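Student:
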Amino acid sequence: MLLIDTDNAAGSPSGDVDDAFALAALLRSGLPVAALASVAGNTSEAQADRNNRVLGSLCGYRGPYLRGVQAGEVPDRIDRAGELWRGGPHRFIALGPLTNLAAVLAARPAISEIVLVGGNLTSRGRFPPWWPHEFNLTKDPAATRAVFASDLPLTVVPLDVARRLRIGPREMSGLPGELGDFLRRHAARWARRSLLVRGSRRFPVFDLAAAACAIDPALVTVEETRARLHRNLWVEFGRGERRLRMVRDLAPAAVWRLFADLVSGRRAGDAALPQPLP
Numbered sequence: 005m006l007l008i009d010t011d012n013a014a015g016s017p018s019g020d021v022d023d024a025f026a027l028a029a030l031l032r033s034g035l036p037v038a039a040l041a042s043v044a045g046n047t048s049e050a051q052a053d054r055n056n057r058v059l060g061s062l063c064g065y066r067g068p069y070l071r072g073v074q075a076g077e078v079p080d081r082i083d084r085a086g087e088l089w090r091g092g093p094h095r096f097i098a099l100g101p102l103t104n105l106a107a108v109l110a111a112r113p114a115i116s117e118i119v120l121v122g123g124n125l126t127s128r129g130r131f132p133p134w135w136p137h138e139f140n141l142t143k144d145p146a147a148t149r150a151v152f153a154s155d156l157p158l159t160v161v162p163l164d165v166a167r168r169l170r171i172g173p174r175e176m177s178g179l180p181g182e183l184g185d186f187l188r189r190h191a192a193r194w195a196r197r198s199l200l201v202r203g204s205r206r207f208p209v210f211d212l213a214a215a216a217c218a219i220d221p222a223l224v225t226v227e228e229t230r231a232r233l234h235r236n237l238w239v240e241f242g243r244g245e246r247r248l249r250m251v252r253d254l255a256p257a258a259v260w261r262l263f264a265d266l267v268s269g270r271r272a273g274d275a276a277l278p279q280p281l282p
């Protein structure tokens, strides 16, 4: 069972929209989803919850929605969902900051694996050099430290690996139906931003790489390693005592074909599937 925790900004006036692509893939994959939770990051927790419900409906999701710990005194808060955790084990797919995950660790939840996007194999991230930016790990430093200090199985998708999966208007133009229209409409502002920042309308969909790990592990290359968390919150792979699984490589074209197949409902390998640019 998957528990998907996301700061989904598709529906917000700002913030990266890559969560929406990961959510669409996971919810359309046929994998069992225990709950869809909201966390503050690319957008507020409350807006992420609203965005999740809209996208979830488009994907045919009928399961529970959990509020993040920032939601205040609400009964459906993720750290109060005791019945859910007793029904585990769950794979916790962390698509945003780790605030919610850290909040439930004290209860020793039944989590079989954490999958998150963060760290770099070729760069230290937020602190020089500036790119890629370690947003998910630096947004809530205490939560990040708690997660890395835990003994739960952890799979990390480094940013410089995930950013190889880049899409733009041409790739999205072939996505059919209401879901395709939704993704194109809400990705348009991110494509415009990418044009200003990078000189191209193509942008990375980092979180879709994490979704691919859960849906079809054959699309990624994973290795066992050890790591430690630097005091400035970048991940030092190959050092320290924390054992984890690290995604070393992925097949961007195959991941996009998988995504397009899930959105369209067509069988994998259909020649009509939208293809990514080289």
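Per the working numbering, residue 5 is the first one in the sequence shown, and the count goes up by one each step. The beta-carbon is built from N, C-alpha and C at its ideal position, and this holds for glycine as well. Predicted, not measured: the structure shown is a model, and the values here were computed from it.
Is the separation between the beta-carbon of F210 and that of L248 shorter than 8 Å?
Tutor: Your numbering for residue 210 matches position 206 in the sequence shown. Your numbering for residue 248 matches position 244 in the sequence shown. No, the pair does not count as a contact, with Cβ atoms beyond the cut-off.
Student: Along the chain, where does the alpha helix (DSSP H) containing H190 start, and where does it finish?
Tutor: In the sequence shown, the residue the question calls residue 190 occupies position 186. Where H190 is concerned, the enclosing alpha helix (DSSP H) stretches over 181-202.
Student: Based on Cα-Cα distance, which residue from Y69, G76, A38, V160 lies nearest to C217?
Tutor: In the sequence shown, the residue the question calls residue 217 occupies position 213. Out of Y69, G76, A38, V160, V160 has the C-alpha closest to the C-alpha of C217.
Student: Report the three-state DSSP secondary structure of T126 (helix, strand or coil).
Tutor: Working through the sequence shown from its first residue, we reach residue 126 at position 122. Note: T126 maps to coil in three-state DSSP.
Student: Check T47 in the structure and name its three-state DSSP category.
Tutor: As a first step, residue 47 is located in the sequence shown; it is residue number 43 there, counting from the start. T47: coil per DSSP, three-state reduction.
Student: Would you mind giving the Cβ-Cβ distance between V121 and A214, rounded to the nearest angstrom? I have them listed as a contact below 8 Å.
Tutor: As a first step, residue 121 must be located in the sequence shown, where it is residue number 117. As a first step, residue 214 must be located in the sequence shown, where it is residue number 210. About 5 Å separates the two Cβ atoms, so the contact holds.
Student: Going by C-alpha distance, which of A147, A50, L88 is nearest A13?
Tutor: The residue you call residue 13 lines up with position 9 of the sequence shown. A13 has its Cα closest to that of A50, out of A147, A50, L88.
Student: Output yes or no for whether 8 Å exceeds the beta carbon distance between I97 and L6.
Tutor: As a working mapping, residue 97 is identified with position 93 in the sequence shown. As a working mapping, residue 6 is identified with position 2 in the sequence shown. Their beta carbons are under 8 Å apart, which means I97 touches L6 by this criterion.
Student: Taking the beta carbon of L105 as the centre, do at least 16 other beta carbons fall within 10 Å, making it buried, or is it exposed?
Tutor: The residue labelled residue 105 in the question sits at position 101 within the sequence shown. L105 is buried by the Cβ-count criterion.
Student: In chain order, which beta strand (DSSP E) runs of at least 3 residues are fully inside the stretch 231-264?
Tutor: 239-241, 246-254
Student: So what does DSSP say about D164, is it helix, strand or coil?
Tutor: The residue you call residue 164 lines up with position 160 of the sequence shown. Residue state for D164 is assigned as helix, using DSSP reduced to three classes.
Student: Suppose contacts are defined by Cβ-Cβ distances below 8 Å. Is D11 in contact with T47 by that definition?
Tutor: Mapped onto the sequence shown, residue 11 falls at position 7. Mapped onto the sequence shown, residue 47 falls at position 43. A contact, by the Cβ cut-off of 8 Å.
Student: Helix, strand or coil, according to DSSP, for E77 in the structure here?
Tutor: Counting from one through the sequence shown, the residue named residue 77 turns up at place 73. E77: coil per DSSP, three-state reduction.
Student: T148 bridges to which residues according to DSSP?
Tutor: As a first step, residue 148 is located in the sequence shown; it is residue number 144 there, counting from the start. According to DSSP, which records beta bridges pairwise, T148 is partnered with nothing at all.
Student: For L70, name the three-state secondary structure that DSSP assigns.
Tutor: Position 66 of the sequence shown, counted from the start, is the residue given in the question as residue 70. For L70, the secondary structure class from DSSP, reduced to helix, strand or coil, is strand.
Student: According to DSSP, what are the bridge partners of D9?
Tutor: The sequence position of residue 9 within the sequence shown is 5, counting from 1. Bridge partners of D9: A41, A98.
Student: Cα-Cα, which of G72, D265, R206, R90 is closest to L179?
Tutor: Reading the sequence shown from its first residue, position 175 is the one you call residue 179. For the residues G72, D265, R206, R90, the minimum Cα distance to L179 belongs to D265.
Student: Suppose you measure from the CA of V58 to the CA of R243; what does that come to, to the nearest Å?
Tutor: What you label residue 58 is simply residue 54 of the sequence shown in a count that begins at 1. What you label residue 243 is simply residue 239 of the sequence shown in a count that begins at 1. The straight-line gap from Cα to Cα measures roughly 42 Å.
Student: Under three-state DSSP, which class holds E138?
Tutor: In the sequence shown, residue 138 corresponds to position 134, counting from 1. DSSP places E138 in coil when its eight states are reduced to three.
Student: Let me confirm a value: L200 is counted as buried when at least 16 other C-beta atoms fall within 10 Å, else exposed. Which label applies?
Tutor: In the sequence shown, counting from the first residue as 1, residue 200 sits at position 196. Exposed: under 16 other Cβ atoms inside 10 Å.
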